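Worksheet for the structure shown next.
What follows is the structure in structure tokens.
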């Protein structure tokens, strides 16, 4: 896989209360990824960037939502979410204060 492509696959970590709970219980972390990213690309990108071993990757396509503001119709774009499960003994620390 292209090294430059792997650095672009992960767009951002999705930090939320639900994500924190899932991370504690199941060692899973949520990421927003490129819409055309594949599971092997996501796995390789996480392993390379965070120096961890990935057990599995699950993806979900989040549909676009229609929004109305002052009588005008717009939409939030669709995006892809990846749930990355790490092997035992590995953890990702995003550097947030507790």
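Residue numbers (the working numbering): 2 to 99.
Each residue gets a CB set at the ideal place from its N, CA and C atoms; glycine is no exception.
These numbers were taken from a predicted model, which means no experiment stands behind them.
Under 7 Å from any heavy atom of the ligand GTP, does the C-beta of residue i make it?
| i | result |
| --- | --- |
| residue 36 | This structure lacks the ligand GTP, and indeed carries no ligand of any kind. |
Could you tell me the boundaries of the alpha helix (DSSP H) in which residue i lies?
| i | result |
| --- | --- |
| residue 22 | 18–27 |
How about residue i and residue j: are their beta carbons less than 8 Å apart?
| i | j | result |
| --- | --- | --- |
| residue 86 | residue 27 | yes |
| residue 42 | residue 91 | no |
| residue 45 | residue 81 | no |
| residue 40 | residue 58 | yes |
| residue 1 | residue 77 | Any property of residue 1 remains undetermined from this structure, which presents the chain solely from 2 to 99. |
| residue 49 | residue 16 | no |
Among the candidates the options, whose CA atom is the shortest distance from the CA of residue i?
| i | options | result |
| --- | --- | --- |
| residue 67 | 61, 56, 79 | 79 |
| residue 96 | 83, 51, 5 | 51 |
### Query
Taking three-plus beta-carbon pairs below 8 Å as touching, is the stretch 3–11 in contact with the stretch 32–40?
The stretch 3–11, when compared against the stretch 32–40, does touch it at the 8 Å Cβ threshold.
### Message
As an exercise, report each continuous alpha helix (DSSP H) stretch of at least 4 residues that is fully enclosed by the stretch 36–93, in chain order.
### Response
Within the stretch 36–93, the complete alpha helix (DSSP H) runs of at least 4 residues are 40–51.
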